[in-house]
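One structure below.
Chains as they are written, first to last, in this note's numbering: chain X, 1 to 253; chain U, 254 to 661.
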């Protein structure tokens, strides 16, 4: 199970690392190379984003990657094939990240069945709150998959508890308001918010949005279980190519 | 959020977690004004003193004579301050923003009418204002960009995606998820997450309330049909809502672009190209591919060039409570020219879709019948697009001369 994998892994590591790619950006070969580099550098989990034309919660970097991947032919079918390939090849948990419409058009149940078939562990769907996610939650449960829920600094304690009741695997805590890929202040406010998150769930906590260097990851040690790096590796790939990602990961661990 | 705003299978609130609290607050505040009988009075007073409400219902005698069928009336939303029905929604939401104590408003705009209305409201109420507008629309609606900026708003051209209305909406949401503490997003149409479809329709219902009374006063009977163009659907829902309980046929007219079979249109409800999906926080008919990626849309009118449609209209479509048709770019320009020449009225390209459909149907109706066309806005904003469409040589000469003046 995802939760026990994380807890087991945490016994030997102060913090785990989850990274993110947009499947098919800048190309399928590059996506594969990035995954390989990251796994070899010691990443613990990976988010594979199926691109969507209207990625409401993503900032300029990931938004552009989504559009580019779609233009280059990153279809849902090809994303599944890619996910199947990497999950066979590399021994770590892979999750899908996408928007509700991708799952809805595929069929919530079919999507989840397919995920189980190719050995993915869970999904992060930022525009599918539990209130709208009845079919999704049912399908994920049926296949023993983890619907990953998101906490935000704006979320009330009452709602944190509500979200926890649907969460499994781990909880994704947004370090701040806003979209992906912008500056985050790693401050006392964040620390207070993370203790609020910790009270609301026994699941491991992942923290993302604005995590981009070693100091950020170090700051999160003792406050969270997983640091999530998203936009920063895409920027890196754009500047230095897929082969640079391994060294980058090693430099922040 | 207690009520998720479903209309049959459509609607809902597909919100990123960071916006949930903001929408909870919005829903509570909207409930308050809906249940406060003094609010509607305050709203009507504002609209009559600041905009031109009630807007007239004009009998189009020459058009009626030309088509030799139903008597044609035009509901004149173009006579609102800022030139379109958009003012109804914007001033309503402005009062709501005051009540919530927020100091900044943001909005998306396609044709620019909603942007101008929002910038106007912000100036009047003393709010900071940022308008997101697709880069393509910035080019085709330059006069409105000019006015928004003169009114004190910052206009941000959106260069992502298809660079039109839907992309401007995404960008406005991205601003909102960062600045919701100080900022209200004045969504311009009856789309998006609950409570927007209900709230925007509520403010726009002023059109239908007036139109129903006006036609009864002048004709002593209800119209046979009511025509409105449909982009997001707010002007249509505004006028339709006045006749929900009447035996009146409601006709929504979508952008047929280069034809509903050309793949170059924005017809969600009357073409075979749309299917149910979830985007921009709500579920409705979208023009999308089999994977769920949104398609590029096309219309001569920026305001109808949108990939989704109000969930309320999607539900009415499925239930057969309204009929949906389309008018092509060519038909729209012809209808616009005819209306100018026969009635001395200049409808916006968006509104001209409703005119085009009404003209197709009027001749086959009886002379006893009455129809109403909702003229959602005025056409002067479209001067560049219309001048191109009618290929006016004198206008070109003027623009070339003007450019030379600037270059001198």
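Yeah, the Cβ is synthetic: ideal placement off N, Cα and C, and Gly gets one too.
When the cut-off is 9 Å and only beta carbons count, does residue i lie next to chain X?
| i | result |
| --- | --- |
| residue 257 of chain U | yes |
| residue 539 of chain U | yes |
| residue 546 of chain U | yes |
| residue 254 of chain U | Legend: pLDDT at residue 254 of chain U = 45, less than 50; position of this residue unreliable, no value from coordinates given. |
| residue 414 of chain U | yes |
| residue 388 of chain U | no |
| residue 663 of chain U | What is shown of chain U runs 254 to 661, which leaves residue 663 of chain U out entirely. |
| residue 562 of chain U | no |
| residue 433 of chain U | yes |
| residue 632 of chain U | no |
| residue 513 of chain U | no |
| residue 636 of chain U | no |
| residue 583 of chain U | no |
| residue 262 of chain U | no |
| residue 272 of chain U | yes |
| residue 470 of chain U | no |
| residue 275 of chain U | yes |
| residue 531 of chain U | yes |
Within 9 Å (strictly less), CB to CB, does residue i reach chain U?
| i | result |
| --- | --- |
| residue 18 of chain X | no |
| residue 178 of chain X | yes |
| residue 76 of chain X | yes |
| residue 136 of chain X | no |
| residue 152 of chain X | yes |
| residue 112 of chain X | no |
| residue 233 of chain X | no |
| residue 53 of chain X | yes |
| residue 169 of chain X | no |
| residue 159 of chain X | yes |
| residue 238 of chain X | no |
| residue 5 of chain X | no |
| residue 83 of chain X | no |
| residue 67 of chain X | yes |
| residue 187 of chain X | no |
| residue 101 of chain X | yes |
Look at residue i and residue j and say whether their C-beta atoms are less than 9 Å apart.
| i | j | result |
| --- | --- | --- |
| residue 533 of chain U | residue 131 of chain X | no |
| residue 104 of chain X | residue 545 of chain U | yes |
| residue 214 of chain X | residue 14 of chain X | no |
| residue 17 of chain X | residue 227 of chain X | yes |
| residue 417 of chain U | residue 550 of chain U | yes |
| residue 181 of chain X | residue 232 of chain X | yes |
| residue 6 of chain X | residue 21 of chain X | no |
| residue 486 of chain U | residue 442 of chain U | yes |
| residue 229 of chain X | residue 37 of chain X | no |
| residue 367 of chain U | residue 337 of chain U | yes |
| residue 116 of chain X | residue 147 of chain X | no |
| residue 330 of chain U | residue 660 of chain U | no |
| residue 120 of chain X | residue 82 of chain X | no |
Whole-angstrom Cβ separation of residue i and residue j, contact assumed at under 8 Å?
| i | j | result |
| --- | --- | --- |
| residue 617 of chain U | residue 482 of chain U | That pair is no contact at about 21 Å. |
| residue 365 of chain U | residue 344 of chain U | Actually they are not in contact, since the Cβ atoms of residue 365 of chain U and residue 344 of chain U sit about 17 Å apart, beyond 8 Å. |
| residue 642 of chain U | residue 586 of chain U | 5 Å |
| residue 380 of chain U | residue 350 of chain U | 7 Å |
| residue 451 of chain U | residue 258 of chain U | 6 Å |
Note the first and the last residue of the continuous beta strand (DSSP E) segment covering residue i.
| i | result |
| --- | --- |
| residue 297 of chain X | Chain X is shown from 1 up to 253; residue 297 of chain X falls before or after that span and cannot be answered. |
| residue 532 of chain U | 527–532 |
| residue 278 of chain U | No beta strand (DSSP E) holds residue 278 of chain U; the alpha helix (DSSP H) holding it covers 270–287. |
| residue 505 of chain U | 502–510 |
| residue 151 of chain X | 146–151 |
| residue 155 of chain X | That residue, residue 155 of chain X, is in no beta strand (DSSP E); it is neither H nor E in DSSP. |
| residue 228 of chain X | 226–229 |
| residue 436 of chain U | 436–438 |
Residue i lies in the alpha helix (DSSP H); which residues open and close that run?
| i | result |
| --- | --- |
| residue 417 of chain U | No alpha helix (DSSP H) contains residue 417 of chain U, which DSSP labels as neither H nor E. |
| residue 450 of chain U | 449–472 |
| residue 481 of chain U | Unbroken run through residue 481 of chain U is the beta strand (DSSP E), 478–482; no alpha helix (DSSP H). |
| residue 638 of chain U | 636–642 |
| residue 215 of chain X | 214–220 |
| residue 492 of chain U | 487–493 |
Ordered list of beta strand (DSSP E) runs contained in the stretch 356–410 of chain U, each at least 3 residues: 357–362 and 381–387
Runs of beta strand (DSSP E) lying entirely within the stretch 311–349 of chain U, each at least 3 residues, in chain order: 324–329
Contiguous alpha helix (DSSP H) assignments of at least 4 residues, all confined to the stretch 535–623 of chain U: 564–572, 582–596 and 602–614
Length at least 3, wholly inside the stretch 91–138 of chain X: the beta strand (DSSP E) runs in chain order: 94–97 and 122–124
Segments assigned alpha helix (DSSP H), at least 4 residues, entirely inside the stretch 23–48 of chain X: DSSP runs (the alpha helix (DSSP H)) wholly in the stretch 23–48 of chain X: 28–41.
Alpha helix (DSSP H) runs wholly inside the stretch 161–212 of chain X, at least 4 long, in chain order: 188–200
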